[in-house]
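**Q**
Protein chains: 2
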Amino acid sequence: MTLAPRPRSKAAIGSIVERMQALVADDLAAVEMLLAERAASPVAVIPDLSGYIVSAGGKRLRPMITLISAQAVGKTSRATHALAAAVEFIHTATLLHDDVVDESDLRRGKPAAKAIWGNKASILVGDFLFARAFNLLVETNSLDILNRLATASTTIAEGEVRQLAAMKARDLPTEDYLAIVEAKTGALFEAAAETGAMSTGSHEHAAALATYGKNLGLAFQIIDDVLDYGGTTTVIGKSVGDDFRECKITLPVIIARRRGSDEDRTFWERALNPDTQAEQDLAHAVHLIRATGAAEATVQEAEAYAALAKGALRSLPQSVYRDALEDLADFCVERAY
Amino acid sequence: MTLAPRPRSKAAIGSIVERMQALVADDLAAVEMLLAERAASPVAVIPDLSGYIVSAGGKRLRPMITLISAQAVGKTSRATHALAAAVEFIHTATLLHDDVVDESDLRRGKPAAKAIWGNKASILVGDFLFARAFNLLVETNSLDILNRLATASTTIAEGEVRQLAAMKARDLPTEDYLAIVEAKTGALFEAAAETGAMSTGSHEHAAALATYGKNLGLAFQIIDDVLDYGGTTTVIGKSVGDDFRECKITLPVIIARRRGSDEDRTFWERALNPDTQAEQDLAHAVHLIRATGAAEATVQEAEAYAALAKGALRSLPQSVYRDALEDLADFCVERAY
């Protein structure tokens, strides 16, 4: 097993996701049906808004983790499908609330739901989808699974609150950043993988898959955070700079500041303050993150978590599904190249 | 059984709630312990904010309905306590999100949580408490109960979204108003009473208590809506006028406008538009609601629902708990006098 990822072409990376989707195509189709069916409501705004965000071109990464984890250790069932749909609804609900909290008008380069329907509808439809997720979880017939997802949801909220508080702490320690990432992103990846295994009726590999999911989530979010500064090579596009504009302290900034000169630190101090940030500061921030090697160092941190994720899979039986989970760990990191 | 409530003094009304609290004192103490314990979090803002709202002097009406419903048909248990605490957390989460959606800075005459900690923290701590509610529901060991509360939560969100859409419809039909009230308030009262019964292990009286709870919720909210215009007698205080300032269309307004002159309707049209509402409009609105008899008519509508609530109790065995539920229906209406 290779622990360090082998950089692949963009096309090859795209094909990893497509290959995974093909691997669980029937399961994924069942989940898509559930998502469409359960986002419905007789109240007009709800299906419009929830349909917009649920079908807004997400890769269905979290439900795929659930489905493939289940296939890797047993067989998927209607319970697995309900669970995977619930995981996606919980994710969608947090996206809707995040966009309100982050004051961001774009999501994946498209207008955020709140930019179309407003903050109020986004809050309430988030609540609606979150409640629907628990209706779906009842269909797994497992109080254990339900409890795991409820706990993951409290952990996500705790992570978001910590992140909010951290906005004011410009000298955020790396450990605090990682704790936030583990809570706001790792917790749902962890629960998605673990409960996927549990939905097959066996708990045998659930703990290993929980470890896989948590570390995968960390790798995924850390890469997301470096991609928000253009990764290691990309030119600055319109999907770059959200975190910077929101003055979020992420790993590339933490490292760039730590390695920077006094002058650099003065820059970060001013630029990451919403009252003093200027339009042209983003370009200089990207420059410093590249020049100090912070982008590369951030990717290496993600690689370490991806390696831990893959390591956790060792105890699983060899199968195309285990291979797919390994590939997914590579995929999470390779997006940065 | 008297269907029309007998107006009582304020002291007598206060003592109804105190008598109910005394009737289930031990159960209520167990619920309070759970509320304090489960609102805790290592993340600093969460216990501060959730403690503020959870202990902000609510009457614990909904958990009391759960506890007394259970006692009326069987015995309370740890499951009932977990359920009652979950019901209060769901209610608290919706309050936090409502205050953000309604843009109101006061809640029960005290600063709303969002006025102290901000909208963002209120959204996220609402999510946290909502997730914690589902952890508590797992402890009921009943997927049926869990499903009922998840469904009630979706219905509440649907009601809130309908209410949001109705702000723009100044000619809101009475039926639409009632549908909104049934969803946003009736659904949780209904589930609180029904699942209280279910938590005793018997479904025998669950349907009757569901009917009781739904109609009680309607009576309660309709009275709340007339109290927001000072009820039938109260002078205008600082807890009056929230709905008016938010341009919410409630029953007193619907009736006052229907019964009013063309001139009155012109007034309502202008005054219930956030762009044209003036400071002194509230006093005239209160005057019209009294002068047209809309306040009395609104109270009568609530009395009809309170009577339906009491009627639903007929099939229950006679006990001090059934009496308490009847008294509670009276209490809901008598607050208006």
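Chains as they are written, first to last, in numbering that gives the first Met the number 0: chain Z, 0 to 336; chain W, 0 to 336.
In this text, a Cβ means the ideal position worked out from N, Cα and C, and glycines have one as well.
None of the values given here were measured: they were computed from a predicted structure.
1) Does DSSP classify P46 (chain W) as helix, strand or coil?
2) Of all the residues that make up the region 158-170 of chain Z, which are near chain W by a beta-carbon distance shorter than 7 Å?
3) For a contact defined as C-beta to C-beta under 7 Å, what are the partners of T79 (chain W) on chain Z?
4) Residues of chain Z with a CB under 7 Å from the CB of A149 (chain W): which are they?
5) Counting beta carbon pairs with one atom in the region 208-216 of chain W and one in the region 312-332 of chain W, are three or more of them shorter than 8 Å?
6) Let's see if you can read the secondary structure: which residues bound the alpha helix (DSSP H) around L32 (chain Z)?
7) Suppose you measure from the CA of F330 (chain Z) to the CA of D274 (chain Z); what does that come to, to the nearest Å?
8) Using a C-beta cutoff of 7 Å, does D261 (chain W) count as contacting chain Z?
9) Using a Cβ cut-off of 7 Å (strictly closer), state whether V42 (chain W) contacts chain Z.
10) Taking a cut of 8 Å between CB atoms, which residues from the region 265-289 of chain Z lie near chain W?
11) Could you please tell me which residues of the region 106-120 of chain Z, in chain order, have their CB closer than 7 Å to any CB of chain W?
12) For Q220 (chain W), which of W:S121, W:V332, W:A149, W:V99 has the nearest alpha-carbon?
13) Can you find a heavy atom of the ligand HEM that lies under 6 Å from the Cβ of D101 (chain Z)?
14) Report yes if the CB atom of T255 (chain Z) is closer than 7 Å to the CB atom of I222 (chain Z), and no otherwise.
15) Which stretch, first to last residue, makes up the alpha helix (DSSP H) that contains A335 (chain W)?
16) From F243 (chain W) to S14 (chain Z), what distance separates their C-alpha atoms?
17) State the DSSP-derived secondary structure class of K213 (chain Z), mapped to helix, strand or coil.
18) Using a threshold of 7 Å, state whether the C-beta atoms of G212 (chain Z) and F188 (chain Z) are closer than that.
19) Do you know how far the Cα of L66 (chain Z) is from the Cα of A24 (chain Z)?
20) Any C-beta of chain W sitting closer than 7 Å to the C-beta of T153 (chain Z)?
21) Distance cutoff 7 Å, beta carbons only. Does A156 (chain W) sit that close to anything in chain Z?
22) Nearest CA to the CA of D26 (chain W): which residue from W:A282, W:R59, W:V285?
23) State yes or no: is the beta carbon of F88 (chain Z) nearer than 7 Å to at least one beta carbon in chain W?
24) Mind checking if V180 (chain Z) is an interface residue toward chain W, Cβ cutoff 7 Å exclusive?
25) So that I know if they touch, is there some Cβ in chain Z lying closer than 7 Å to that of L226 (chain W)?
26) Is DSSP giving P251 (chain Z) helix, strand or coil here?
27) Looking at chain Z, is there any beta carbon in it that lies within less than 7 Å of the beta carbon of H96 (chain W)?
28) Over the uninterrupted alpha helix (DSSP H) stretch that includes R131 (chain W), give me the two end residues.
29) Going by DSSP in three states, R59 (chain Z) sits in which element: helix, strand or coil?
30) Contact check, I248 (chain W) vs A165 (chain W) under 8 Å by CB: the rounded distance?
31) Taking Cβ to Cβ, would you say L135 (chain W) is nearer than 7 Å to A191 (chain W)?
32) According to DSSP, simplified to helix, strand and coil, what is R169 (chain Z)?
33) Between the alpha carbons of Y228 (chain Z) and D241 (chain Z), how many angstroms are there, rounded?
34) With a 10 Å radius around its C-beta and 16 neighbouring C-beta atoms as the bar for buried, classify A268 (chain Z) as buried or exposed.
**A** According to the data block:
1) Start at 1 with the first residue of the second sequence, and residue 46 (chain W) comes out as number 47. Three-state DSSP puts P46 (chain W) in a helix.
2) E159, V160, R161, L163, A164
3) On the second sequence, residue 79 (chain W) is found 80 positions in, with the first residue counted as 1. Within 7 Å Cβ-Cβ: nothing; T79 (chain W) doesn't reach chain Z, min ~17 Å.
4) Position 150 of the second sequence, counted from the start, is the residue given in the question as residue 149 (chain W). By Cβ distance, chain Z contributes A130, F133, N134, V137.
5) yes
6) Numbered from 1 along the first sequence, position 33 holds the residue referred to as residue 32 (chain Z). Note that residue 32 (chain Z) is Met in the sequence shown here, rather than Leu. Where M32 (chain Z) is concerned, the enclosing alpha helix (DSSP H) stretches over 24-37.
7) Looking up residue 330 (chain Z) in the first sequence gives position 331. Looking up residue 274 (chain Z) in the first sequence gives position 275. Those two C-alpha atoms are separated by around 38 Å.
8) The residue you call residue 261 (chain W) lines up with position 262 of the second sequence. No, because no Cβ of chain Z sits closer than 7 Å to the Cβ of D261 (chain W).
9) Position 43 of the second sequence, counted from the first residue, corresponds to residue 42 (chain W). Answer yes: the Cβ-Cβ gap between V42 (chain W) and chain Z drops below 7 Å somewhere.
10) none
11) K119, A120
12) Reading the second sequence from its first residue, position 221 is the one you call residue 220 (chain W). Measuring from the Cα of Q220 (chain W), the nearest candidate turns out to be W:V332.
13) In the structure shown, the ligand HEM is absent, as is every other ligand, since no ligand is present at all.
14) On the first sequence, residue 255 (chain Z) is found 256 positions in, with the first residue counted as 1. On the first sequence, residue 222 (chain Z) is found 223 positions in, with the first residue counted as 1. Per the sequence shown, the amino acid found at residue 255 (chain Z) is Ala instead of Thr. Going by C-beta atoms, A255 (chain Z) is not nearer than 7 Å to I222 (chain Z).
15) As a position in the second sequence, residue 335 (chain W) is number 336, starting the count at 1. Neither: A335 (chain W) is in no alpha helix (DSSP H) and is coded neither H nor E.
16) On the second sequence, position 244 is the one that residue 243 (chain W) refers to. On the first sequence, position 15 is the one that residue 14 (chain Z) refers to. Rounded to whole angstroms, F243 (chain W) to S14 (chain Z) spans 57 Å at the Cα level.
17) Here residue 213 (chain Z) refers to the residue found at position 214 of the first sequence. K213 (chain Z): helix per DSSP, three-state reduction.
18) For the purposes of this step, residue 212 (chain Z) is taken as the residue at position 213 of the first sequence. For the purposes of this step, residue 188 (chain Z) is taken as the residue at position 189 of the first sequence. Going by C-beta atoms, G212 (chain Z) is nearer than 7 Å to F188 (chain Z).
19) The sequence position of residue 24 (chain Z) within the first sequence is 25, counting from 1. The sequence position of residue 66 (chain Z) within the first sequence is 67, counting from 1. Taking the straight line joining both Cα atoms gives about 10 Å.
20) By 1-based counting over the first sequence, the position of residue 153 (chain Z) is 154. For T153 (chain Z), the answer is yes, since a Cβ of chain W falls inside 7 Å of its Cβ.
21) Taking the second sequence and counting its residues from 1, the one referred to as residue 156 (chain W) is at position 157. By this cut-off, A156 (chain W) is an interface position.
22) Counting from 1 along the second sequence, the entry for residue 26 (chain W) is found at position 27. Measuring from the Cα of D26 (chain W), the nearest candidate turns out to be W:R59.
23) As a first step, residue 88 (chain Z) must be located in the first sequence, where it is residue number 89. So, not an interface residue.
24) Here residue 180 (chain Z) refers to the residue found at position 181 of the first sequence. Closer than 7 Å: no.
25) The count along the second sequence starts at 1 and reaches residue 226 (chain W) at position 227. Taking Cβ atoms only, chain Z never reaches closer than 7 Å to L226 (chain W), which makes this a no.
26) Reading the first sequence from its first residue, position 252 is the one you call residue 251 (chain Z). Reduced to three states, the DSSP call for P251 (chain Z) is helix.
27) Numbered from 1 along the second sequence, position 97 holds the residue referred to as residue 96 (chain W). Judged by the 7 Å Cβ criterion, H96 (chain W) is in contact with chain Z.
28) If you number the second sequence from 1, residue 131 (chain W) lands on position 132. Where R131 (chain W) is concerned, the enclosing alpha helix (DSSP H) stretches over 118-137.
29) In the first sequence, the residue the question calls residue 59 (chain Z) occupies position 60. Three-state DSSP puts R59 (chain Z) in coil, outside helix and strand.
30) Here residue 248 (chain W) is taken as the residue at index 249 of the second sequence, counted from 1. Here residue 165 (chain W) is taken as the residue at index 166 of the second sequence, counted from 1. That pair is a contact at about 6 Å.
31) Numbered from its first residue, the second sequence carries residue 135 (chain W) at position 136. Numbered from its first residue, the second sequence carries residue 191 (chain W) at position 192. Not a contact, by the Cβ cut-off of 7 Å.
32) For this step, residue 169 (chain Z) is matched to residue 170 along the first sequence. Three-state result, R169 (chain Z): coil.
33) Taking the first sequence and counting its residues from 1, the one referred to as residue 228 (chain Z) is at position 229. Taking the first sequence and counting its residues from 1, the one referred to as residue 241 (chain Z) is at position 242. Spanning the two alpha carbons is a distance of roughly 9 Å.
34) Translated into positions along the first sequence, residue 268 (chain Z) becomes position 269. It is worth fixing the name first, because residue 268 (chain Z) is Glu in this sequence and not Ala. Exposed, by the Cβ-count rule.
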